[in-house]
Amino acid sequence: MKYEAVVFDLFGTLVETFPFREHEQIMIEMAAVLALPCQDYVRRWEKIFPLQELGAFPTIEAVVKHLCGELEIILDQELLAKVTAMSLDFTRRCLRPRQDAVETLTCLKAAGFKIGLVSNSPPGVPCLWSETPLAALIDHAIFSCEVGFVKPTLRIYELACERLAVEPQRCLYVGDGGSQELNGAAQSGMNPVLIRVPYDDLYDADWARRQVWQGPTVSTLAEILALIM
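162 is the number of the first residue of the sequence shown in my numbering; add one for each residue after it.
Dropping the structure here:
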């Protein structure tokens, strides 16, 4: 068997592409609840989003408190709970598996493959991870906000291999190509595969880079089975 493990990206791979427009609308609604200037709140949230992915804020509550502090707003605990719930409800919707995700992971596990996840994620994602049907099918899930590394930093791929106890050359990496993740996977020694579904959301700064990918490409998760079996 050439491969021992498959490591997946999350957004745009096991779940749908992150809905940027919907996320902006949720932030506007959160700002309205807090009686804050909407566009200023959105701009500040987006500015610190990379820090969220790196683990600078342990929870969504901490993010909201930080932004309110910047705006010199005294935060009411009831409002904090309300906007935190709004953010987590949005994230919960985003974590619904793609149609063939559970079936594909189940087949891989039944065939004896180890399964990992590497995701650039803000703190709301690992907070809700155990609620998803994907969690029970993945041996080790690595979220950037928990480990302090983001893709395409080599260390995050190395960490996945260490936790799965596999050599990178024996690992297939599947992702939609955001954050230059496929190049990072290749540099780590993994074997990267691009997933590009026909209906994907094109509102993404990384999309142009994905169009020049020359390596293996699939349009559904189920196609991974033919590549690895």
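Backbone N, C-alpha and C fix where the C-beta goes; we use that ideal spot for every residue, glycine too.
Assigned secondary structure, residue i (DSSP; H/G/I helix, E/B strand, else coil)
i	result
residue 166	strand
residue 352	strand
residue 258	strand
residue 273	coil
residue 343	helix
residue 245	helix
residue 378	strand
Whole-Å CB distance - residue i paired with residue j, under 8 Å assumed
i	j	result
residue 309	residue 221	Not a contact, Cβ separation roughly 18 Å.
residue 315	residue 336	In fact, because the Cβ distance is near 15 Å, the residues do not count as touching under 8 Å.
residue 301	residue 324	4 Å
residue 383	residue 265	5 Å
residue 280	residue 304	5 Å
residue 202	residue 228	6 Å
residue 214	residue 311	5 Å
Backbone CA spacing between residue i and residue j [nearest angstrom]
i	j	result
residue 166	residue 252	27 Å
residue 240	residue 219	19 Å
residue 320	residue 328	11 Å
residue 211	residue 254	21 Å
residue 169	residue 248	24 Å
residue 176	residue 238	32 Å
residue 242	residue 197	16 Å
residue 188	residue 326	40 Å
residue 190	residue 183	11 Å
residue 163	residue 278	20 Å
residue 234	residue 357	43 Å
residue 390	residue 289	31 Å
Cβ neighbours of residue i in the same chain (closer than 8 Å, five flanking residues each side left out)
i	result
residue 193	199
residue 359	380
residue 287	302, 304, 306 and 307
residue 378	354, 355, 356 and 357
Contact set for residue i: own chain, Cβ-Cβ below 6 Å, skip 5 residues either direction
i	result
residue 334	168, 346, 351 and 353
Chain-order list of residues whose beta-carbon lies under 7 Å from that of residue i (same chain, five-residue window excluded)
i	result
residue 259	175, 176, 177 and 382
_Whole runs of the alpha helix (DSSP H) within the stretch 174-216, excluding any shorter than 4 residues_ = With a minimum length of 4 residues, the unbroken runs of alpha helix (DSSP H) contained wholly in the stretch 174-216 fall at 181-194, 199-208 and 210-214.
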